[in-house]
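These notes are about the structure you will find just below.
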Amino acid sequence: MSINYGSKRLVVGAHYGLRDWLVQRATAVIMALFTIVLVVQCLTPGEMSYLKWGAIFAHQWMKVLTFVTIASILWHAWVGVRDVLMDYVKQLAPRLVLQVAAIVWLVGCAGWALQVLWRI
Amino acid sequence: MADAKAIKKRPGQMRLIDATQYRLPPAGWVSILHRISGLVLIILMPFVIWMFDTSVTDEVSFDQFRNAFIGGLGFVPAFIVKLAALALIWSFLQHFCAGVRHLYMDFTHTVDKEFGRVSALVAIGVAAALTLVFAYKLFIGY
Chain A
1 MSINYGSKRL VVGAHYGLRD WLVQRATAVI MALFTIVLVV QCLTPGEMSY
51 LKWGAIFAHQ WMKVLTFVTI ASILWHAWVG VRDVLMDYVK QLAPRLVLQV
101 AAIVWLVGCA GWALQVLWRI
Chain B
1 MADAKAIKKR PGQMRLIDAT QYRLPPAGWV SILHRISGLV LIILMPFVIW
51 MFDTSVTDEV SFDQFRNAFI GGLGFVPAFI VKLAALALIW SFLQHFCAGV
101 RHLYMDFTHT VDKEFGRVSA LVAIGVAAAL TLVFAYKLFI GY
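Just so you know, the protein sequences line up as chains A and B, in that order.
Residue numbers are given in the numbering used here: position 95 of the first sequence equals residue 95, and the series is strictly consecutive.
Residue numbers are given in the numbering used here: position 59 of the second sequence equals residue 59, and the series is strictly consecutive.
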């Protein structure tokens, strides 16, 4: 097991970043599944109304799936933003400020979305 | 030291503005569009949650949600609301199509140049075509 902390930590080499790469794929699959499930339910016969739309999210399993999807978006977006910032913002100070701003933005959005989801 | 002289001067650190100087292949376009659409989705996230909130809370708020696309939202005219929705739709579709392409390549280990080119064009084309369908529904058919 390589040391991942302190002055002797491993900062280069194989597998460095593998977890983020894998998380990006796993969360993408979850979000794609959610999309398909939602679209299929929307396309069932009957005109779109509040009753139909609300009923989709009334099921407990749909709430759980939506919850997992919100968590996936949060994590997926963070890995993506971090990649983009590492590529284009080379100076430490602006990069740190933008990273913190991204975390605040994403966590805030996730909190709001969960609040909406729980009260349905 | 003739060899050392023959080595070209290194270009140095790439800046974001340099990316506009390149003529990108289709796969390169998908790559940069993936980043742009991802950022748009993050920036428009409050709009998505607002739509989720109003559409799902109760019948009164559902009507408010519908009205935003007809009578506008506060001081924002309906046209701008629709435009924001369309930006959201394109970004989502582009990110979705390019993402599926990514996953497909990862799962099947498809790494050849021709597939990369063709699938990139398909991803951009499918996203653009579906965006046009939604644009029609939003601006003309609704």
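Backbone N, C-alpha and C define an ideal beta-carbon position, used for all residues, glycine too.
Computed from a predicted structure; not experimentally measured.
Through-space distance from residue j to residue i, alpha-carbon basis
| i | j | result |
| --- | --- | --- |
| A/Cys42 | A/Gly108 | 28 Å |
| A/Ala26 | B/Thr57 | 30 Å |
| B/Thr110 | A/Val81 | 26 Å |
| B/Ala98 | B/Trp50 | 26 Å |
| B/Met45 | A/Trp105 | 9 Å |
| A/Arg119 | B/Phe52 | 12 Å |
| A/Trp53 | A/Pro45 | 12 Å |
| A/Met86 | B/Leu39 | 14 Å |
| B/Gly72 | B/Gly116 | 42 Å |
| A/Tyr50 | B/Arg35 | 34 Å |
| B/Met1 | A/Ile3 | Its pLDDT being 48, under 50, B/Met1 is placed unreliably in this model, and the value from its coordinates should be taken loosely. For B/Met1 and A/Ile3, the distance between alpha carbons rounds to 42 Å. |
| B/Val30 | B/Ser37 | 10 Å |
| A/Gly111 | B/Ala135 | 31 Å |
| A/Gln60 | B/Ala123 | 34 Å |
| A/His76 | B/Lys137 | 30 Å |
Residue i - containing alpha helix (DSSP H), residue span
| i | result |
| --- | --- |
| B/Ser119 | 113 to 139 |
| A/Met99 | The displayed chain sequence assigns Gln, not Met, to residue 99 of chain A. Where A/Gln99 is concerned, the enclosing alpha helix (DSSP H) stretches over 92 to 118. |
When you check each C-beta in the stretch 77 to 93 of chain A against every C-beta of chain B, which residues fall closer than 7 Å?
Against chain B - using a Cβ distance shorter than 7 Å - the residues of the stretch 77 to 93 of chain A are Ala77, Gly80, Val81, Val84, Tyr88, Lys90.
What alpha helix (DSSP H) runs, 4 residues minimum, are completely inside the stretch 17 to 64 of chain B?
With a minimum length of 4 residues, the continuous alpha helix (DSSP H) runs that stay inside the stretch 17 to 64 of chain B are 26 to 43, 45 to 56.
Residues in the stretch 25 to 36 of chain A having any Cβ partner in chain B nearer than 9 Å:
Those residues of the stretch 25 to 36 of chain A that come within reach of chain B (Cβ to Cβ, closer than 9 Å) are Arg25, Ala28, Val29, Met31, Ala32, Thr35.
Which residue spans inside the stretch 59 to 105 of chain B form an unbroken alpha helix (DSSP H) run of at least 4?
Fully contained in the stretch 59 to 105 of chain B are the following alpha helix (DSSP H) runs of length 4 or more, in chain order: 59 to 68.
Output the residue ranges of the alpha helix (DSSP H) runs that lie fully inside the stretch 19 to 86 of chain A and measure 4 residues or longer, sorted by chain position.
Fully enclosed alpha helix (DSSP H) runs of no fewer than 4 residues occupy 50 to 58 of the stretch 19 to 86 of chain A, in order along the chain.
Taking 8 Å as the cut-off, does the stretch 87 to 102 of chain A touch the stretch 30 to 38 of chain A (at least 3 CB pairs, one atom from each stretch)?
Taking a cut-off of 8 Å for Cβ pairs, the stretch 30 to 38 of chain A and the stretch 87 to 102 of chain A do not touch, as fewer than three such pairs fall below it.
Check whether the stretch 56 to 70 of chain B touches the stretch 91 to 107 of chain B, counting contact only when three or more Cβ pairs, one atom from each stretch, lie closer than 8 Å.
Taking a contact to require three or more Cβ pairs closer than 8 Å, the stretch 56 to 70 of chain B and the stretch 91 to 107 of chain B do not qualify as touching.
Please confirm if the stretch 19 to 26 of chain B is in contact with the stretch 55 to 68 of chain A, defined as three or more CB-CB distances below 8 Å between the two stretches.
No, because fewer than three Cβ pairs between the stretch 19 to 26 of chain B and the stretch 55 to 68 of chain A fall closer than 8 Å, the two stretches do not touch.
Using Cβ-Cβ distances below 7 Å, what residues of the stretch 45 to 59 of chain A are close to chain B?
When C-beta distances to chain B are compared with 7 Å, the residues of the stretch 45 to 59 of chain A below that value are Tyr50, Trp53, Gly54, Phe57, in chain order.
Closer than 7 Å, Cβ to Cβ, to anything on chain A: give me those residues from the stretch 47 to 65 of chain B, in chain order.
Here the close residues are Ile49, Phe52, Asp53, Ser55, Val56, Glu59, Phe62.
For the stretch 85 to 97 of chain B against the stretch 122 to 134 of chain B, are there 3 or more C-beta pairs whose distance is under 8 Å?
Here the stretch 85 to 97 of chain B lies against the stretch 122 to 134 of chain B, with 3 or more beta-carbon pairs under 8 Å apart.
Please determine if the stretch 72 to 86 of chain B and the stretch 21 to 35 of chain B are in contact, where contact requires at least 3 C-beta pairs separated by less than 8 Å.
The stretch 72 to 86 of chain B makes no contact with the stretch 21 to 35 of chain B; the number of CB pairs closer than 8 Å stays below 3.
Select from the stretch 103 to 132 of chain B all residues with a C-beta closer than 7 Å to any C-beta belonging to chain A, and list them in chain order.
For the stretch 103 to 132 of chain B, the residues whose beta carbon sits under 7 Å from a beta carbon of chain A are, in order, Leu103, Asp106.
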